[in-house]
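In this note's numbering, the protein residues as written are 5 to 439. Glycine residues also receive a C-beta, built at the ideal position from the N, C-alpha and C atoms. Note sheet for the following structure.
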Ligand code: 5AD
Ligand code: SF4
């Protein structure tokens, strides 16, 4: 019987891709994927700690896994990812959950195969390090269909006052351009149709590469020059760092997606200052204008947080105004979550939960109205659509500006680019027909 593995992933795309690397390592060790298996031989929890809710879900899942381990005592439970790297958490987990086989941090996941081979005398093995390195030789077992994730950098230097990421992921480290280009060439040659470049702030790509002039716009241009028909996406863009050269590189390329994820977090200048975001709402809106002027069909998405310490109704109204002005095609809304070790956690004026909940509900409602208006405006227009998957008898595709479209079709269309006209909009869902 093959040894089986299961990976439970929490959090962002960065973690989703990291789980693909974990899967790659486990398959190299002879394990076979079995995601629905409650009693797999190895269960990996790839954790997130950006908000408290993510941590609560991990703790809840560990309670369930404790029971599975009673049924299968030789099951190896591994906990890794952002949560384990946050101050003191690994030790606490070890004490509370002695049934965990090993706890690894964010900088040493490549040690997994070796750690799995050792028995550690039946005790929970903990290995957390602050030493960062880039391992270019990690195997990857991709699970995202026609899309391939490619890290261009790791870590973050921005220290937004609410955010735990710089503490658990370390400072910015860019991969060398030649490695990224080689990866993308290989992925395109084996048939991937969408490449999504990943970094906490892709716009600062290259800043840490001593003696190199490589930067994000030049990376985009070099990747666009690779032969083949495919799309390039990237995330995330910090508004303070997006420059006209990046927008030009997008508008001049036939491969770059016209979809840009650029979180605003708030529309209040006072709150943006407290968040240490280093821009005002006017700066943000002028960057949005710069994008819309150069790329008229640009699709924009953003993150907004409500209930940051001291946020008043006036501050929140500024956020609603900003959201109304930008007209995002997708908006990710979050309730501020107090993260121990971040400056905002110690700020006076934490906002009552009831106010946070009311504000997020209002924001979601406003965004739904905006999305509905933009969906109505799409009907009758034609788009080039990349068919990404076949689900419930329909093709799910995406326009270059990032809009999801449902089309009648069969599985053979997956991975193809087609032209389609939007024929109807049902509750902001777009339906298309092949032209
Ligand atoms: N509370 C709530 N949301 C947060 N984010 C980051 N830190 C926190 C926090 N402490 C959100 C930000 C970021 C997204 C990935 O998660 O909006 O852009
Ligand atoms: Fe967190 Fe700010 Fe870095 Fe984004 S840019 S990961 S919000 S510190």
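From which residue to which residue does the alpha helix (DSSP H) around residue i run?
| i | result |
| --- | --- |
| residue 68 | 56 to 75 |
| residue 98 | 93 to 100 |
| residue 368 | 357 to 382 |
| residue 19 | 17 to 32 |
| residue 223 | 220 to 228 |
Suppose you measure from the CA of residue i to the CA of residue j; what does that come to, to the nearest Å?
| i | j | result |
| --- | --- | --- |
| residue 48 | residue 297 | 46 Å |
| residue 50 | residue 101 | 16 Å |
| residue 279 | residue 176 | 19 Å |
| residue 179 | residue 141 | 12 Å |
| residue 152 | residue 145 | 10 Å |
| residue 303 | residue 371 | 14 Å |
| residue 421 | residue 67 | 45 Å |
| residue 43 | residue 9 | 9 Å |
| residue 392 | residue 418 | 5 Å |
| residue 269 | residue 306 | 8 Å |
| residue 400 | residue 410 | 5 Å |
| residue 294 | residue 249 | 11 Å |
| residue 377 | residue 340 | 28 Å |
| residue 300 | residue 255 | 9 Å |
| residue 402 | residue 390 | 5 Å |
| residue 215 | residue 184 | 18 Å |
| residue 327 | residue 281 | 17 Å |
| residue 257 | residue 388 | 15 Å |
| residue 381 | residue 355 | 38 Å |
| residue 53 | residue 137 | 22 Å |
| residue 292 | residue 432 | 23 Å |
| residue 351 | residue 182 | 44 Å |
| residue 123 | residue 114 | 18 Å |
| residue 369 | residue 386 | 28 Å |
| residue 273 | residue 229 | 40 Å |
| residue 6 | residue 77 | 17 Å |
| residue 363 | residue 310 | 7 Å |
| residue 127 | residue 373 | 54 Å |
| residue 203 | residue 37 | 27 Å |
| residue 348 | residue 87 | 18 Å |
| residue 335 | residue 75 | 43 Å |
| residue 342 | residue 171 | 14 Å |
Bridge partners for residue i per DSSP, in chain order?
| i | result |
| --- | --- |
| residue 10 | 47 |
| residue 437 | 425 |
| residue 409 | 401, 434 |
| residue 443 | With the chain represented from 5 up to 439, any question about residue 443 goes unanswered, as that position is not in the structure. |
| residue 338 | 309 |
Mind checking which residues open and close the beta strand (DSSP E) that includes residue i?
| i | result |
| --- | --- |
| residue 84 | 80 to 85 |
| residue 37 | 35 to 37 |
| residue 395 | 386 to 395 |
| residue 238 | 235 to 239 |
Practice task
Mind listing, in chain order, the continuous alpha helix (DSSP H) runs of no fewer than 4 residues lying wholly within the stretch 248 to 328?
Solution key: If only uninterrupted alpha helix (DSSP H) runs of at least 4 residues are considered, those enclosed by the stretch 248 to 328 are 248 to 256, 273 to 278, 285 to 298.
Exercise for the section: Go through the residues and name those whose CB comes closer than 6 Å to any heavy atom of the ligand SF4, in chain order. Expected result: Result (chain order): 160, 162, 163, 164, 167, 169, 170, 204, 205, 242.
Practice task
Let me know the alpha helix (DSSP H) ranges lying completely inside the stretch 119 to 205, each 4 residues or longer, listed in chain order.
Solution key: As far as the stretch 119 to 205 is concerned, its whole alpha helix (DSSP H) runs of at least 4 residues are 169 to 173, 181 to 193.
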